[in-house]
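Here is the structure we will look at, set down as structure tokens.
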Amino acid sequence: MATKKNPVSFLKKPWVSSIGVFLLSQIIFIIFETTGWIPYRDFDDGTLYGKIVGAPIFTKWLAFYEEPHMNLLTVFFGIFFLVPGIIGAIKNIFVTEKTH
316 MATKKNPVSF LKKPWVSSIG VFLLSQIIFI IFETTGWIPY RDFDDGTLYG
366 KIVGAPIFTK WLAFYEEPHM NLLTVFFGIF FLVPGIIGAI KNIFVTEKTH
């Protein structure tokens, strides 16, 4: 007799939480931009953080928000949360588990 594996709830899948963290961070960033309350606005151009945030990639090319440090965080969250979440979703949809 074959045993059935208990399906995992949709919200408990790892890729759902990864995409959820990214979307929640974007909602928070949008709220920060619309209300004008942006934490840690001052950064020195002579520091490593200031040089990274002031780079043209975050001020011109990937300018999602007015504040360049929010652009840096958006790229960071996209790499570490959105990309693995999308890969996990694709694996979950297209790759079927082998049952014994």
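One rule links them: number in our numbering = place in the sequence shown (from 1) + 315.
Just so it is clear, CB atoms sit at the ideal spot from N, CA and C, and this is done for glycine as well.
Keep in mind that this is a model prediction, so the values were computed, not measured.
Asked	Found
Give the DSSP-derived three-state secondary structure of residue 404 in the structure shown.	helix
Measure from the alpha carbon of residue 387 to the alpha carbon of each residue in 374, 337 and 360, then state which is nearest.	374
Counting C-beta neighbours from all protein chains within 10 Å, is the total for residue 396 16 or more, i.e. buried, or is it exposed?	buried
So, residue 377 versus residue 398, is the Cβ gap smaller than 7 Å?	no
Return the Cβ separation of residue 385 and residue 358 in integer angstroms, given the expectation that the two are a contact with Cβ distance under 8 Å.	12 Å between Cβ atoms; not a contact.
Could you tell me if residue 323 is buried or exposed, where buried requires 16 or more neighbouring beta carbons within 10 angstroms of its beta carbon?	exposed
What runs of the alpha helix (DSSP H), each 4 residues or longer, lie entirely inside the segment 325–380?	329–350 and 363–368
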